[in-house]
Amino acid sequence: MFSYRHAFHAGNHADVLKHFVLVQVLEYLNQKDVAYTYIDTHAGAGVYSLDSAQATKTAEFETGIGPLWDRDDLPGPLAEYVKLIKDMNPSGKLRFYPGSPYCAEIVAREEDRLRLFELHPADAKILADNFHKLEQHQAANGRRPAARGKRVIVNKADGFLGVKALLPPPSRRGVVLCDPPYEDKQDYKKVTDMLNDALKRFPTGTYAVWYPVLQRIEARNFAERLKHLPAKSWLNVTLCISTPTPDGIALHTSGMFLLNPPYTLEPMLRQVMPYLVQVLGRDAGAQFTLESGEATTAKKGGPRT
Ligand code: SAM
Numbered sequence: 001m002f003s004y005r006h007a008f009h010a011g012n013h014a015d016v017l018k019h020f021v022l023v024q025v026l027e028y029l030n031q032k033d034v035a036y037t038y039i040d041t042h043a044g045a046g047v048y049s050l051d052s053a054q055a056t057k058t059a060e061f062e063t064g065i066g067p068l069w070d071r072d073d074l075p076g077p078l079a080e081y082v083k084l085i086k087d088m089n090p091s092g093k094l095r096f097y098p099g100s101p102y103c104a105e106i107v108a109r110e111e112d113r114l115r116l117f118e119l120h121p122a123d124a125k126i127l128a129d130n131f132h133k134l135e136q137h138q139a140a141n142g143r144r145p146a147a148r149g150k151r152v153i154v155n156k157a158d159g160f161l162g163v164k165a166l167l168p169p170p171s172r173r174g175v176v177l178c179d180p181p182y183e184d185k186q187d188y189k190k191v192t193d194m195l196n197d198a199l200k201r202f203p204t205g206t207y208a209v210w211y212p213v214l215q216r217i218e219a220r221n222f223a224e225r226l227k228h229l230p231a232k233s234w235l236n237v238t239l240c241i242s243t244p245t246p247d248g249i250a251l252h253t254s255g256m257f258l259l260n261p262p263y264t265l266e267p268m269l270r271q272v273m274p275y276l277v278q279v280l281g282r283d284a285g286a287q288f289t290l291e292s293g294e295a296t297t298a299k300k301g302g303p304r305t
């Protein structure tokens with residue numbers, strides 16, 4: 001059950017897509033002067049050492065953050081995401097990579113709340129320890145004295161279930177990131193069931209689902225099923241870095257599916273995705289797709305592509 005460890009994959013092309021989009025969603029929420037809640041149903045360990053034995057074994061970051069690290073021509077929104085990682089690596093050498101909870105912690109404001117679920121006992125402990133150390137560091141530097149202990153809560157629990165009790169958030173503003181390992185094919189159904197339930201509790205929330213684009217039957221129709229959830233609007237972006245190999249083992253393509261996305265996201269992605277394909281693409285099969293729809297038009301006429 002607990003075979004997946006995100007440390008083997010940290011900073012790869014799929015993380016770049018996921019975290020870059022997440023940062024943009026949170027930046028959008030930051031524009032309004034009302035607190036929001038960020039819920040991470042599958043948080044992972046929070047921070048990853050790219051020189052750890054796990055990360056160097058696969059060196060997946062070389063498909064993602066690696067090629068972006070020294071670029072001086074990053075489009076603005078992508079530069080914001082890379083800066084966040086540069087700030088974690090003041091020596092200038094890429095050593096630490098932030099997982100989704102850390103990206104959120106950096107971008108969210110003092111008044112916002114982070115609710116993090118992680119079921120793996122070891123990763124839940126690392127996540128809690130990481131945030132504990134961060135709070136101590138912030139306290140020592142005189143930051144965030146008021147909200148300590150409340151701003152970030154780490155739960156060693158099942159995020160599919162735990163999210164229910166948090167919706168709707170007190171301010172009726174929030175984003176849920178759902179990023180399960182999908183090693184268990186039941187995860188696909190659990191995501192759609194969770195979203196169906198969450199949309200009843202909190203119809204105006206923004207929901208972001210990361211997913212692998214794989215040949216397995218559960219994966220193939222996953223995005224199509226998400227389009228029929230009862231949200232006002234949706235956006236689906238995928239990034240493919242190379243032509244799939246016949247063995248089908250390596251992950252070449254992944255997607256972010258958003259329900260009720262910020263309206264600014266699609267035009268921004270139209271600008272930035274070609275750049276990501278150009279820099280991360282490994283062969284002529286590299287490409288992106290971007291489509292969106294509204295609840296009514298999606299059912300009647302299909303997506304706007
Ligand atoms: N969201 C993280 C990020 O972007 O940095 C990566 C998460 S990783 C893809 C998936 C995580 O979900 C793993 O750490 C795994 O242990 C955890 N997990 C698996 N099933 C879970 C569940 N039902 N509830 C909470 N966490 C779970």
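When the sequence shown is numbered by the UniProt record's numbering, its final residue is 305 and no position is left out of the sequence of numbers. Every residue, glycine too, gets a C-beta built ideally from N, C-alpha and C.
Per DSSP, the beta-bridge partners of V152 are L114. Distance from the C-beta of D123 to the nearest heavy atom of ligand 1 is below 7 Å.
Taking 7 Å as the cut-off, the C-beta of L259 does not count as close to any heavy atom of ligand 1. Inter-residue distance for G255 and K227 is about 13 Å (C-alpha atoms, whole angstroms).
DSSP places L74 outside both helix and strand once states are collapsed to three, so it counts as coil. If you look at N236, you'll find it in the beta strand (DSSP E) that goes S233 to C240. Inclusion of Y4 in the 7 Å shell around ligand 1 follows from its C-beta lying nearer than that to a non-hydrogen atom of the ligand.
Secondary structure in the stretch 237-281: the beta strand (DSSP E) runs of 3 residues or longer, each lying completely within the stretch, are 253-259 in chain order. No heavy atom of ligand 1 is found nearer than 7 Å to the CB of T204. For Q287, the three-state secondary structure derived from DSSP is strand. The three-state reading of DSSP puts A35 in coil, since its state is none of H, G, I, E or B. Taking the Cβ of S171 as the reference point, every heavy atom of ligand 1 lies at 7 Å or farther away. Put simply, the backbone Cα of G142 is about 49 Å away from that of D283. For S100, the enclosing alpha helix (DSSP H) has its first and last residue at S100 to V107. With a threshold of 7 Å, the Cβ atom of T192 does not count as near ligand 1, since no heavy atom of the ligand is closer than that. Assignment of Y188 by DSSP, reduced to helix, strand and coil, places it in the helix class.
A distance below 8 Å between beta-carbons, with the five flanking residues on each side excluded, links L74 to the following residues of its chain, in chain order: L68, V82 and Y275.
The alpha carbon of R5 has as its nearest neighbour, out of A124, I85 and P77, the alpha carbon of A124. Taking 8 Å as the cut-off, the Cβ atoms of R201 and P168 count as close.
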